[in-house]
Structure formats: C-alpha cells, structure tokens
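Trainee: Throughout the sequence shown, residue numbering follows the working numbering, covering 35 to 278 in sequence. Ideal Cβ positions, reconstructed from N, Cα and C, are used throughout, including at glycine. Every value quoted in this text rests on a predicted model; they were computed, and no experiment measured them. Have a look at the structure that comes next, please.
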Amino acid sequence: MDIRLKPIGVVHSCFKEKFGIPRQPGLVPDARADLELLPPFNRQEAVRGIEAFSHLWIIFLFHAAAREDWKPTVRPPRLGGNRRIGVFASRSMFRPNPVGMSAVALESVDCSADAVRLKLKGIDILDGTPVLDIKPYLPYADAIAGAAGGFAPDAPPTSLEVEFSPEACRQCRERQQAGHRDLKPLITQILRTDPRPAYHARVSSQRTFGMKLLDVDVQWRVAGNKITVEALVPKPNQSTQNPD
Ligand code: SAH
Numbered sequence: 035m036d037i038r039l040k041p042i043g044v045v046h047s048c049f050k051e052k053f054g055i056p057r058q059p060g061l062v063p064d065a066r067a068d069l070e071l072l073p074p075f076n077r078q079e080a081v082r083g084i085e086a087f088s089h090l091w092i093i094f095l096f097h098a099a100a101r102e103d104w105k106p107t108v109r110p111p112r113l114g115g116n117r118r119i120g121v122f123a124s125r126s127m128f129r130p131n132p133v134g135m136s137a138v139a140l141e142s143v144d145c146s147a148d149a150v151r152l153k154l155k156g157i158d159i160l161d162g163t164p165v166l167d168i169k170p171y172l173p174y175a176d177a178i179a180g181a182a183g184g185f186a187p188d189a190p191p192t193s194l195e196v197e198f199s200p201e202a203c204r205q206c207r208e209r210q211q212a213g214h215r216d217l218k219p220l221i222t223q224i225l226r227t228d229p230r231p232a233y234h235a236r237v238s239s240q241r242t243f244g245m246k247l248l249d250v251d252v253q254w255r256v257a258g259n260k261i262t263v264e265a266l267v268p269k270p271n272q273s274t275q276n277p278d
C-alpha cells in the first residue's frame, strides 16, 4: 500500500515555542489557534456543516519533535520524568509516526474569498503545525463514561497561584488598550499547569523562566507555590500570524 499523506491545513497558534504548551488540550481553555486550510482543500464546501459541532479532533504532525530513532519506551512528564512506559501506552510526541491528536473546541468558522479558517480554543499545538485531518468530535462515541485513565487518570492537580508584578499588569493593560485581548487569563491558565521540567519543579530555583506567547516573551519566577509574572517583553519584527 502506497499512501502519501499531505497536510490539509496549518495551525496559527498562540504558542510560538514548545516550552509552556499544555500537555493536553482543554487544560488552558483560553489558548487559541486559527486552523487555516491549505490549497486545494481551502474550499468552503469542505467544512459545510462543521459549525454544528462544538468540538473537533485535530490530527497533526509533531513537526518540531527532534527525530530520534524510535524507542519502545518513553518517560512521561506525568510520572516525574524518571519512570518508563511503553510508547503506545503514552501520548508522547516521540513515536514511530509523529502523529498527534487533540480534541479542541470550535469557536467559529471564518470563510472569505479563498480562505477557510477554523477558530479553535483549548489547544495544545505549536504554531506552524501541519494538520493531516479534521474530524468532528462525536460525544456518543468519543466520550466514554467510566473509562480508566492509566497513569493519568485525572488532569494534573495544581496548587500554584499566579500573580502579576505592577510592571506586567501595566504591560497587559497597554496591550489591551492597543486592541488586543486581555492576556492575564491566558497566562494564568498556562502557568498554573506548571510548565517547568520535572527537575526544576523538584529543586527550588530562583531563575527566571520565559516563554514565547503571541507577540510577547512572558517572563516569570517561582517561589514556593507562588508564580510571579515579572514582565512581558515585546518581540521585535513579529511577522507570524496570530489568532485573535
Ligand atoms: N494531544 C496530543 C498532544 C499531546 S503531547 C496527543 O495526545 O497526541 C503535547 C505536547 O506536544 C505539547 O506540550 C507540546 O510541547 C508538543 N507539541 C505540540 N505541537 C507540536 C509540534 N508541532 N511538534 C512537536 N511538539 C509539539
């Protein structure tokens, strides 16, 4: 069988680097992306009826995962990064075929001239990710009451509090006055998932962490259970598209 897969779309996401992306969809409800259909699939008929679904499955390529030889076991961050589990018992991006799947909320559909854009929320997908397929989420078949969640039975618990320095508050306000959405809820939801690698979460560290989000570099520190967003540093010459 000779099957060649061709991306049908590309994700324009708020996440500009891997660090800080939630580990599954829905954990950061305000994380937005536009999924743009690529020619020749950018036809309005191809999404006819899709707006009647509240959620979609996005099947995509982990295009930014370092390609190594595949290994039969991986170390999920959920197990502290030091216990091994079978690759097919995991949602790791290091798999023989680097295919990811995320069930995400569909906010709206934007069709204009030859552009078809799906506005998505609650994503865990990097900016620029090639999309292989889109399928509607079917609650009667896909939501399985009483299903066992293995080593990840529930969303990871968090006891972290997020606060903003006066400087970061001022920067959020200025950005909002320039016509952008309020960044505080998005940043708060992301940081409460504690993106630090397991090692940093274990040792108390005074270092500043940073992640590229939309058109800014978010910088924060952690002390005990408190995260302080120190500043949002604007990125010069931002040329990539951003979801709004
Ligand atoms: N829900 C998907 C993805 C889970 S892994 C699935 O279960 O298949 C989620 C992680 O994938 C994110 O934390 C992010 O770091 C990483 N990721 C997202 N998009 C990626 C891409 N295009 N290339 C490499 N890694 C990506």
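May I ask you to check if the CB of HIS89 is nearer than 7 Å to at least one heavy atom of the ligand ATP?
Mentor: The model depicted lacks the ligand ATP and carries the ligand SAH instead.
Trainee: Using the Cα positions of GLU264 and GLU102, report the straight-line distance between them to the nearest angstrom.
Mentor: Translated into the one-based positions of the sequence shown, residue 264 becomes position 230. Translated into the one-based positions of the sequence shown, residue 102 becomes position 68. Their Cα atoms are separated by approximately 36 Å.
Trainee: Per the DSSP calculation, PRO120 is bridged to which residue(s)?
Mentor: Along the sequence shown, one-based indexing puts residue 120 at 86. First, the amino acid is wrong: residue 120 is Gly here, not Pro. For GLY120, which the question treats as bridged, DSSP gives the partners THR107.
Trainee: Thinking C-alpha only, which one of THR262, ILE42, THR274, SER88 is nearest VAL150?
Mentor: Stepping through the sequence shown from its first residue, residue 150 is reached at position 116. Selected option, being the one with the closest Cα: ILE42.
Trainee: Relative to the C-alpha of ALA202, which residue among PRO56, ASP167, VAL250 is closest?
Mentor: Here residue 202 refers to the residue found at position 168 when the sequence shown is read from its first residue. When only C-alpha atoms are compared, the closest one is VAL250.
Trainee: Considering Cα atoms alone, identify which of LEU160, CYS206, ILE224 is closest to ILE92.
Mentor: Here residue 92 refers to the residue found at position 58 of the sequence shown. The shortest C-alpha separation from ILE92 is found at LEU160.
Trainee: Here's the rule: buried if 16 or more other CB atoms are within 10 angstroms of the residue's CB, otherwise exposed. What is GLN205?
Mentor: As a first step, residue 205 must be located in the sequence shown, where it is residue number 171. Result: buried.
Trainee: Is any heavy atom of the ligand SAH found at a distance shorter than 7 Å from the C-beta of ARG38?
Mentor: Within the sequence shown, residue 38 is the residue found at index 4, counting from 1. No - the ligand SAH has no heavy atom lying nearer than 7 Å to the Cβ of ARG38.
Trainee: In angstroms, rounded to a whole number, what distance separates the CA positions of VAL256 and GLY54?
Mentor: Numbered from 1 along the sequence shown, position 222 holds the residue referred to as residue 256. Numbered from 1 along the sequence shown, position 20 holds the residue referred to as residue 54. Whole-angstrom Cα-Cα distance: 14 Å.
Trainee: Look up ARG112 in the DSSP assignment and say whether it is helix, strand or coil.
Mentor: Looking up residue 112 in the sequence shown gives position 78. Helix at ARG112.
Trainee: Which residue or residues does DSSP assign as beta-bridge partners of ARG255?
Mentor: As a position in the sequence shown, residue 255 is number 221, starting the count at 1. THR262, per the DSSP bridge assignment.
Trainee: Taking 8 Å as the threshold, find out whether the segment 74-88 comes into contact with the segment 122-138 through three or more Cβ pairs.
Mentor: no
Trainee: Can you tell which of ALA212, GLN253, THR192, THR242 has its C-alpha closest to the C-alpha of ILE221?
Mentor: Locating residue 221 in the sequence shown gives position 187, counting from the first residue. Residue GLN253 is the option with its Cα nearest to ILE221.
Trainee: Ordered along the chain, which non-local residues of its own chain (more than five positions away) have a Cβ less than 8 Å from that of VAL143?
Mentor: Start at 1 with the first residue of the sequence shown, and residue 143 comes out as number 109. The beta carbon of VAL143 is closer than 8 Å to those of VAL81, ILE84, GLU85, VAL150, ARG151, LEU152, LYS153 in its chain, skipping five residues each way along the sequence.
Trainee: Are the beta-carbon atoms of VAL138 and VAL44 separated by less than 8 Å?
Mentor: Sequence index remark: in the sequence shown, residue 138 carries index 104 (1-based). Sequence index remark: in the sequence shown, residue 44 carries index 10 (1-based). Contact flag unset, no.
Trainee: What is the rounded straight-line gap between the Cα of SER146 and the Cα of GLU51?
Mentor: As a first step, residue 146 must be located in the sequence shown, where it is residue number 112. As a first step, residue 51 must be located in the sequence shown, where it is residue number 17. When rounded, the distance between both Cα atoms is 29 Å.
Trainee: For the ligand SAH, is there any heavy atom lying closer than 7 Å to the beta carbon of SER146?
Mentor: To locate residue 146, count along the sequence shown from 1; it is residue 112. Answer for SER146: no, Cβ out of range of the ligand SAH.
Trainee: Expressed to the nearest angstrom, what Euclidean distance is found between the alpha-carbon atoms of MET113 and ILE119?
Mentor: Along the sequence shown, read from residue 1 onward, the residue named residue 113 stands at position 79. Along the sequence shown, read from residue 1 onward, the residue named residue 119 stands at position 85. Per the sequence shown, residue 113 should be read as Leu rather than Met. Distance between the alpha carbons of LEU113 and ILE119: 9 Å.
Trainee: Helix, strand or coil: how does DSSP classify ALA175 here?
Mentor: Here residue 175 corresponds to residue number 141 of the sequence shown, with the count starting at 1. In the three-state reduction of the DSSP assignment, ALA175 falls in the helix class, which pools H, G and I.
Trainee: Under 8 Å, Cβ to Cβ, is there at least one residue of chain D near ALA202?
Mentor: Absent from the structure is chain D; it holds one protein chain and no more.
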